[in-house]
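First up is the structure itself, then whatever we jot down about it.
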Amino acid sequence: MATMKAAFFDGEGKMEVREIPKPEAGPGDMILRVRSVGICGSDLQMNVDKTEPDQLPAGHEVAGEIVEIGHGVDPSVLGKRVAVEIIGHGRACTLCWYCRQGQFRACRNMAPSEGGGFAEYMKRKAIGCYPVPDSMSWEVAALVEPLAVSVHGIRLGNLKGGEVVTVLGSGNIGLTAIAAAKALGAGKVIASARYEQQATMAMLVGADEVYSDTGPDLWDAIAEATDGRGSDMTIETVGGHQSATMHQSVEVTRIQGRIVIIGGFRRPFEFDFLTPMLKEQQFVFSSCYNVLDGRHDYEVAIDMMASGKADIESMVTHRYGLDDIQTAFETAYDKNSGSVKVQIHQQPA
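In terms of my numbering, the sequence shown opens at residue 279 and continues consecutively.
Shown next as structure tokens:
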């Protein structure tokens, strides 16, 4: 039996690489040679929260080449360079009511996970693979997933051309939200950032102004840009074990403005809904990606990057091989390392 290398969280704070059987393609499947995979903030958070070792490799920001196919898959896809939608479309039945609406994340008959991109190879349904142009680097191709997350939130939030957008947080999703907002027509994007490298990167990907996540400067800039009204749309991208950014989003958003919540809040917290009710603000909760207006968010993200409207390759600050994945995770955890996006890269066989 053919084997491959794959990385697993050991349940005690470390990532370990070991040999496991290489996946085999069944009907409708494809085998992908993983070329690049990003370490997401959710990967870091889940490892902190886990108490049991992984049974399957994680990693959902994946790009690679289709090297094998199962029965019923068009042979012309062999050799294609793709970004893989692992969470929804790549596991969806395509037949239930939600799938027929293009809402693959809500599929009622989701196939079980068979592992992610922290491995040399991975298996997924061919329907979940989105072609990327040959001109697109592997670094950029593995950024399709986080950009699609932000594209989805901004499309759900109904951004209108010329609006002032505030992005709270300049981590990976905050940065892609900045780029997506500019590409989709925002007139001005003002962002908050906690670390110097995040502030620098926010400007590189399209922010007009960036301020500390504490202190009055952020609000002062928003007020100056809007004659004191507040932002038309605020995108919360931090989440985690805090609630300050939820309260801040209400404060910096204008009357009848929209608040798009992309950050995943990991703990319950008390929240005063009276103020946003009196301000008639809209809360839009956004999770991952789907089809909106006839196009999947992956397709929109790929087009944005291929056309140069979303130039985010500079986000990738660190690259490691699969054997060094523990060092990669340590680098991603440690913001004093200067890391923004850490990726795992593999050379062709």
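Quick reminder that beta carbons are idealized off the backbone N, C-alpha and C, glycines included.
Kindly indicate the opening and closing residues of the alpha helix (DSSP H) around residue 607. Numbered from its first residue, the sequence shown carries residue 607 at position 329. Residue 607 -> alpha helix (DSSP H) spans 603 to 611.
Can you tell me whether DSSP reads residue 377 as helix, strand or coil? Position 99 of the sequence shown, counting from 1, holds the residue named residue 377. Looking at residue 377 - three-state DSSP - the assignment turns out to be helix.
Assigned secondary structure, residue 389 (DSSP; H/G/I helix, E/B strand, else coil): For the purposes of this step, residue 389 is identified with residue 111 of the sequence shown, where counting begins at 1. DSSP places residue 389 in coil when its eight states are reduced to three.
For residue 581, which of helix, strand or coil comes out of DSSP? For the purposes of this step, residue 581 is identified with residue 303 of the sequence shown, where counting begins at 1. Correct three-state label for residue 581: helix.
Inter-residue CB distance, residue 383 and residue 374 (contact presumed, cutoff 8 Å): In the sequence shown, residue 383 corresponds to position 105, counting from 1. In the sequence shown, residue 374 corresponds to position 96, counting from 1. Incorrect: roughly 12 Å between the Cβ atoms, too far for contact.
Compare the beta carbon distance of residue 539 and residue 562 with 8 Å and say whether it is the shorter of the two. Counting from one through the sequence shown, the residue named residue 539 turns up at place 261. Counting from one through the sequence shown, the residue named residue 562 turns up at place 284. In contact: residue 539 and residue 562 (Cβ atoms closer than 8 Å).
Per DSSP, cross-strand counterpart(s) of residue 316: Sequence index remark: in the sequence shown, residue 316 carries index 38 (1-based). DSSP, once it has assigned bridges, lists 339 and 621 as partnering residue 316.
Looking at C-beta atoms only, is the number of pairs between the segment 332 to 346 and the segment 413 to 430 that lie closer than 8 Å three or more? yes
Tell me, please, which residues DSSP counts as bridged to residue 532. Residue numbering aside, residue 532 sits at position 254 when the sequence shown is read from its first letter. In DSSP, residue 532 forms no bridge with anything.
So residue 566 packs on residue 365, CB below 8 Å; how close in whole Å? Within the sequence shown, numbered from 1, the residue matching residue 566 stands at position 288. Within the sequence shown, numbered from 1, the residue matching residue 365 stands at position 87. That belief holds up - the Cβ atoms of residue 566 and residue 365 are roughly 6 Å apart, short of 8 Å.
Going by DSSP, what residues sit across from residue 307 in a beta bridge? As a position in the sequence shown, residue 307 is number 29, starting the count at 1. In the DSSP output, where bridge partners are listed per residue, residue 307 has 403.
With a threshold of 8 Å on Cβ separation, who are the neighbours of residue 475 within its own chain once the five nearest residues in sequence on each side are excluded? In the sequence shown, residue 475 corresponds to position 197, counting from 1. Excluding positions up to five away in sequence, the list reads 595, 613, 616, 617 and 618.
Using the rule of at least 16 other Cβ atoms within 10 Å of the residue's Cβ for burial, across every protein chain shown, is residue 504 buried or exposed? Here residue 504 refers to the residue found at position 226 of the sequence shown. Buried, since its Cβ has 16 or more Cβ neighbours within 10 Å.
Exposure label - residue 515; buried when at least 16 CB within 10 Å: By 1-based counting over the sequence shown, the position of residue 515 is 237. The residue is buried, with at least 16 neighbouring Cβ atoms inside 10 Å.
Using the DSSP secondary-structure output, state which residues sit across from residue 573 in a beta bridge. Residue numbering aside, residue 573 sits at position 295 when the sequence shown is read from its first letter. Note: residue 573 sits in a beta bridge opposite 570.
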